[in-house]
Each structure stands twice: as structure tokens, then as C-alpha cells.
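Numbering-wise (this note's numbering), the sequence shown opens with residue 272 and increments by one.
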Amino acid sequence: MDINLTFMGATRGVTGSRYLLEANGLKLLVDCGLYQERKFQYRNREPFKVPPQELDAVLLTHAHLDHCGLLPKLVKEGFRGRIICTPATADITGIILLDSAKIQEEDAAYKKKRHMREGRQGPYPEIPLYTIADAEATLPLFDTIDYNAPVSIGEGIQATFHDAGHVLGSSMIKLVISQGEEKRSIVFSGDIGRWDRPMLQDPSFFRRTDYIVMESTYGDREHEGSNEIGDDLAEIVNTAFRVGGKIIVPSFALQRAQEIMYYLNILILEKRIPDLKVYLDSPMAIRITGVFKRYHELFDREMKELLSQRQSPFDFSGLKMVVTARESKALNSIKETVMIIAGSGMCTGGRIKHHLVNNISRPENTIIFIGYQAKGTLGRHIVNGARRVRIHGQQHPVRARIAQIHGFSAHADRNGLLKWLSKLAAEPKHIFITHGEKQAAEQFSTFLKEKTGYETSVPAYNTRVRLE
């Protein structure tokens, strides 16, 4: 068999997912993600290892930026093939890429203006990684496929997308490659979701595959507080009402924003918290919520029951959608207890930075983190206990209460990852551990060898292997 796999991203780190598969004369990319850790962001501006015009297709697992965020750059530099994914992923990715491009343009303009004022140059050119026009040029290349419906990628290569249970439309991709009488299969896990979570179906299992490229975001730990999300959220909201402070929630626009609305809706219905005004201050999250409303068939039983009873978490009475920048700025003048949900989830850009500037130094306020915070991000610095943080070029003391609700994670933990492998009826030839910080990936690799005896490894950046 002549199959080569190159690990072009998400190696010993949790962002920048990108894998190059070469077989049967074709070159396929699985995911094309943006690096978000500060120490790796220079890689976003590097030339692609393979000229984009030589790629035949991109297979996209889901719509998070660390999996799709470099697609406009790929297209800008010459890619014209198919971007294959589920319909929900295509709809959401279009929204996310246009928003990302807008932020790229705005941040470049802001930095240029600030650096001119300060009389210095930044480490990178003050130009956007890609523009709105580049993102718009990407959208016509999407080619959608439903779950469990095999699709031919080219001569002797077939792909099937399976529900990953991570975010709406997310997939695990199984590729079957035929060369003469021989066949090899490889599963790309994407991000593996969790079982018995609100809204979505549980992750898919596999019985047989030769190779696995497997995420390990939480491969070195077990989730805490998974069953106490409602309790933790109720305590934070009720405390905020007692002290008269605001609640600021940095949130990913996809899945996390919708899940916190789900829990708030339940708490209000059960009268465990007062009627709370919740401002969703993210045009992208608002548009993505609209996509959620269109894909009822992807929800689990409990969510479908809520919808049938007209108790949708996307329409409760205290929920307000904030679209314009003017409306967003007006939230600063509110004195009562409210919750403001804004992106980005790791505080790397977007409106959340402005809300942190106005609220992080006030002791009556609470900042709640409900998502993973990668090393080097502003969010990680805050949850690690920083006393001062730099936002928009200025230092701000951290006096607000900092809370973190771990149970929101959309990733399986160490035991969940092991559970995902438990249905294999035959030992795979090899499991490549990716999409985890170095320690997490290496600890999970060792854990997996001890528990199953499977052959595992943790590839380095740009490692190329032959699949036999």
C-alpha cells in the first residue's frame, strides 16, 4: 500500500488541526484549522506545505476555527477543490469564516493605528491573514453530505461522515482506500463529544479500522463537576444578584453559547434563579443559533421534548440579541445584574475584550469561563490567576470574581476517550494521538498502551508516516 499521512497541525497542541493524506494520486486535507495559541500563531502565516492548487479536496470535521479557520487563506492561495462536510457544518462554517475575516480586518487596522500612535512596529505585518472577500470566495466550494452516506472522493477513496456528538453537525470521518485487492481504513476522530449531554446525539462508535488519528484534549484528566453545571450556574447567578454585579461570559459562538442558554432556560423554568436579562452580544452566535433552529433532527430526545412544549432555550423571555456595536457599547451603562455572553471563548478577540476592559477590575462582577483555555491565550492567563492582564495594549487589574465551570466541556475526557475505543472488535494497526497539549497527549498515549496494548504515538509537527 502506498498511503502517506503528514501531520501539519494539532501536534502537541490543541489548535491548528490539519492532516494531509496522499493516496491513489490524490492529495486530501482533513481539516484546515487556525492556530490560536500565541506561540504557534506564526504558523498561520507560513506557506502551506503543499501548494493549495495541488489539493483535490478538504474534508472538514466541524466548524470550530481551530479546524476550519485557515480555509480562506487556502483559497486565497489557489485551492479550488471541494470542501466536503455535513450540511449543518457548512452553514455554520460560512458564518464563522465571515466573522473571522471581519475580525482579521478590524484587528489589523486597530493594531496599525495603535502601533503608529506608539511609534513602533509589531512582530507581524499589520495586514489581515485573509479578508471578507477571501471568506466569501470560499463558500461556493462547500459540498455537503449527510451522516452515514458514503461519498467517493476519487479513484479508490471513499469517505463516510459519522456524528461526533461534539457540536452541531460535527463529524468523525472514516476513509477507506482501495489499491488493487487491498484496502486500508483510517478514522479521523475530529473532536470527540460526550455522552448524555444536552441537545446533541451521543458520539458514534466504530467496530473496525486500521488506523486512527485521535484527539486528546482532555487525555490527561477526568472532567470535574459534569453533573453540577446547573448548581454551579445557579450559585453564580444568585450571588451576582445579592452583590449587584454583572456576569460576563466569554463564550464560543458555536455550541457553548447555545448550551449556556439551555441551562439558563432550565433554571428559570424551575425557578432556581430570578428572571435574568441575558444579552447575547455576538452577531455570529446569534446567526449560529438560527442554524440550530433549522436542524431539529440532529437534537437528542430531551431537546426535542423542550421544543415540542414551546420551551425553547433560544427564545426565553429574558434573552436579548445584541447585533450592532452601538448596542454592545450601551451595555456598559447598565447598572443592574445582567449576564453578557460574548466571544471569543478564549478572549483572543471580538467583543469580549471590550467587556473585560469595562468589568474585570470591579470586585462585584463575575467572569465565568465555560470553555477550554489554550496555553498562551488571555483566557488562560485569567483562569491561572493573573493579577493584571494586558487588553488592547493597556494593563488592567483583575479584581472581579473569576469562576470556571468545567462541566460545559464538549470534549470527552480520558475515560470518555477510552470508552470511544471500547467497541473496536479488532486491534488497529496504530493510533496517532493529536489535538492535545504535549503533556496531555503523551500521558494519554501511555495510558492507552497500558489499558489496551494498542500501538500509539504522538506525532511531531510535519511528521510524515507511511500507512502500510
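Using N, Cα and C, we set each Cβ at its ideal position, and we do this for glycine too.
All values reported here derive from a predicted model rather than from experimental measurement.
Give me the Cα-Cα distance between residue i and residue j, rounded to the nearest whole angstrom.
{"i": "ARG622", "j": "MET592", "result": "14 angstroms"}
{"i": "PRO554", "j": "ALA696", "result": "45 angstroms"}
{"i": "ASP462", "j": "SER288", "result": "10 angstroms"}
{"i": "ALA645", "j": "LYS298", "result": "30 angstroms"}
{"i": "GLY664", "j": "TYR381", "result": "11 angstroms"}
{"i": "GLN324", "j": "VAL346", "result": "9 angstroms"}
{"i": "GLN714", "j": "ARG385", "result": "42 angstroms"}
{"i": "LEU504", "j": "TRP466", "result": "21 angstroms"}
{"i": "GLY340", "j": "ASP370", "result": "10 angstroms"}
{"i": "ALA657", "j": "HIS625", "result": "18 angstroms"}
{"i": "HIS742", "j": "ILE363", "result": "Because the chain in this structure spans residues 272 to 739, residue 742 falls outside the shown range and cannot be described."}
{"i": "LEU326", "j": "ILE424", "result": "12 angstroms"}
{"i": "GLU506", "j": "GLY436", "result": "28 angstroms"}
{"i": "GLY614", "j": "PHE319", "result": "28 angstroms"}
{"i": "ALA379", "j": "GLY464", "result": "34 angstroms"}
{"i": "ILE639", "j": "VAL508", "result": "10 angstroms"}
{"i": "PRO474", "j": "SER588", "result": "32 angstroms"}
{"i": "THR727", "j": "ILE673", "result": "38 angstroms"}
{"i": "LYS383", "j": "ILE448", "result": "48 angstroms"}
{"i": "GLU377", "j": "LYS454", "result": "48 angstroms"}
{"i": "THR402", "j": "ALA294", "result": "32 angstroms"}
{"i": "ALA420", "j": "ARG633", "result": "53 angstroms"}
{"i": "LEU578", "j": "ARG478", "result": "34 angstroms"}
{"i": "ALA372", "j": "GLN307", "result": "15 angstroms"}
{"i": "ARG316", "j": "LEU400", "result": "7 angstroms"}
{"i": "CYS303", "j": "GLY280", "result": "9 angstroms"}
Which same chain residues end up closer than 6 angstroms to residue i when comparing Cβ atoms and leaving out the 5 residues on each side of it in sequence?
{"i": "ASN636", "result": "GLY516, LYS517, ASN630 and ALA671"}
{"i": "ALA711", "result": "SER487, GLY490 and ASP491"}
{"i": "GLY642", "result": "PHE523, ARG527 and GLY616"}
{"i": "SER599", "result": "ASP552, VAL593 and ARG622"}
{"i": "GLY736", "result": "Note that residue 736 corresponds to Val in the displayed sequence, not to Gly. So the list reads LEU276, once near-sequence residues are dropped."}
{"i": "THR415", "result": "PRO358 and ALA361"}
{"i": "ARG659", "result": "GLN666 and PRO668"}
{"i": "ARG309", "result": "GLY647"}
{"i": "PRO730", "result": "PHE278, THR282 and PHE703"}
{"i": "ARG543", "result": "ALA505"}
{"i": "VAL520", "result": "ILE612 and ILE639"}
{"i": "ASN536", "result": "PRO584 and PHE587"}
{"i": "VAL301", "result": "TYR290, LEU330 and PHE459"}
Should residue i go down as buried or exposed, given a rule of 16 or more other Cβ atoms within 10 Å for buried?
{"i": "TYR815", "result": "For residue 815 there is no data in the structure shown, the boundaries of the chain being 272 and 739."}
{"i": "ASN655", "result": "exposed"}
{"i": "GLU389", "result": "exposed"}
{"i": "GLU698", "result": "exposed"}
{"i": "ASN686", "result": "exposed"}
{"i": "LEU291", "result": "buried"}
{"i": "LEU800", "result": "Residue 800 is absent from the model: the chain starts at 272 and stops at 739."}
{"i": "ARG681", "result": "For the sequence presented, residue 681 should be read as Ala rather than Arg. Looking at its Cβ environment, which holds 16 or more other Cβ atoms inside 10 Å, ALA681 is buried."}
{"i": "GLN666", "result": "exposed"}
{"i": "PHE476", "result": "exposed"}
{"i": "SER456", "result": "buried"}
{"i": "ASP337", "result": "buried"}
{"i": "ILE605", "result": "exposed"}
{"i": "GLY451", "result": "exposed"}
{"i": "ASP684", "result": "buried"}
{"i": "ARG351", "result": "exposed"}
{"i": "VAL514", "result": "exposed"}
{"i": "LYS694", "result": "exposed"}
{"i": "ALA601", "result": "exposed"}
{"i": "ALA733", "result": "According to the sequence shown, residue 733 is Asn rather than Ala. Exposed, since its Cβ has fewer than 16 Cβ neighbours within 10 Å."}
{"i": "ASN603", "result": "exposed"}
{"i": "GLU530", "result": "buried"}
{"i": "HIS677", "result": "buried"}
{"i": "ARG468", "result": "buried"}
{"i": "ALA404", "result": "exposed"}
Which residues does DSSP list as the beta-bridge partners of residue i?
{"i": "ASN630", "result": "In the DSSP output, where bridge partners are listed per residue, ASN630 has none listed."}
{"i": "GLN665", "result": "ILE662"}
{"i": "LYS454", "result": "SER449"}
{"i": "VAL329", "result": "LEU300 and ILE354"}
{"i": "VAL520", "result": "ILE612"}
{"i": "ALA430", "result": "VAL422 and LEU446"}
{"i": "ASN275", "result": "GLU293 and ARG737"}
{"i": "ASP684", "result": "TYR489"}
{"i": "MET646", "result": "Inspection of the sequence shows that residue 646 is occupied by Lys rather than by Met. Looking at the DSSP assignment, LYS646 forms no beta bridge with any residue, so it has no partner."}
{"i": "GLN714", "result": "None; GLN714 has no bridge partner."}
{"i": "HIS226", "result": "Coverage of the chain is limited to positions 272 through 739, which leaves residue 226 absent and any answer about it impossible."}
Leaving out five residues before and five after residue i in sequence, what residues of the same chain have Cβ atoms less than 7 angstroms from its Cβ?
{"i": "GLN392", "result": "HIS386"}
{"i": "TYR534", "result": "ILE500, GLY501 and LEU504"}
{"i": "ILE354", "result": "VAL329, LEU331, LEU342, LEU412, PHE413 and ASP414"}
{"i": "ASP571", "result": "MET470, LEU471 and GLN472"}
Output yes if chain D places a C-beta closer than 7 angstroms to the C-beta of residue i; else output no.
{"i": "ASP417", "result": "Among the protein chains of the structure shown there is no chain D, as only one such chain exists."}
Should the stretch 317-335 be called in touch with the stretch 439-458, which here means at least 3 C-beta pairs below 8 angstroms?
yes
Does the structure place the stretch 544-559 close enough to the stretch 590-604 that three or more beta carbon pairs sit under 8 angstroms?
yes
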